[in-house]
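Comments concern the structure below.
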Amino acid sequence: MNETLVTLSLCICMFTSCFAGYNTFVKDTPKQISENVVEYDNELLSQAKSVLYDYHHQNKCISKSLLHTRQKLTNRYQQYKIMKKDNEFQIPRKYMELRMDEFFEYLQYMPPI
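In this note's numbering, the protein residues as written are 2 to 114.
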């Protein structure tokens, strides 16, 4: 009897959590998605600025953080390159080109590791 109640309560909890996740996924509009993209890009660029500042002005050579930031910038640049051909999130092309230029500029300033 107790095992049945525990199993039933776990099934209800799992169904509720899955439904809540699906509900928030369905509610995302293109505007919300583009806002999330802009927020992520801003965080990524501020992280790149911070790492570059630490490297150039404070003589902190943290190769792991430099490598990690370079990898994130490169991946994001490649994502935008692909999205220019297939833009499923309806992000403006002008914005993508501007961000690609910014990412490329930061990648040029990053020191070789």
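Positions of the beta carbon are idealized from the N, C-alpha and C atoms, including for glycine.
Since the structure is predicted, the reported quantities are computational estimates derived from the model, not experimental observations.
Item: Would R94 and K85 qualify as a contact pair, given that the criterion is a beta-carbon distance under 8 Å?; Value: yes
Item: Suppose contacts are defined by Cβ-Cβ distances below 8 Å. Is L67 in contact with Y56 by that definition?; Value: yes
Item: Given F104, which residues of its chain have a CB within under 7 Å of its CB, disregarding the five upstream and five downstream residues?; Value: L74, R77, Y78
Item: Quick check on the burial criterion: 16 or more other C-beta atoms within 10 angstroms. Buried or exposed for V39?; Value: exposed
Item: Please return the same chain residues whose Cβ sits closer than 7 Å to the Cβ of Y96, not counting the five positions on each side in sequence.; Value: none
Item: Return the chain-ordered list of same chain residues with a C-beta closer than 7 Å to the C-beta of N24, the five sequence neighbours on each side being excluded.; Value: Low confidence applies to N24: its pLDDT is 49, below 50, so where it sits in the model is not reliable, and the reading given next is rough at best. Excluding positions up to five away in sequence, the list is empty.
Item: For T36 and R100, I'd like the C-alpha separation in whole angstroms.; Value: The question names Thr, yet the displayed sequence has Glu at residue 36. Whole-angstrom Cα-Cα distance: 14 Å.
Item: Pick from K65, I83, F90: whose alpha carbon is nearest that of M111?; Value: K65
Item: Can you name the start and end residues of the alpha helix (DSSP H) that F105 belongs to?; Value: 94 to 110
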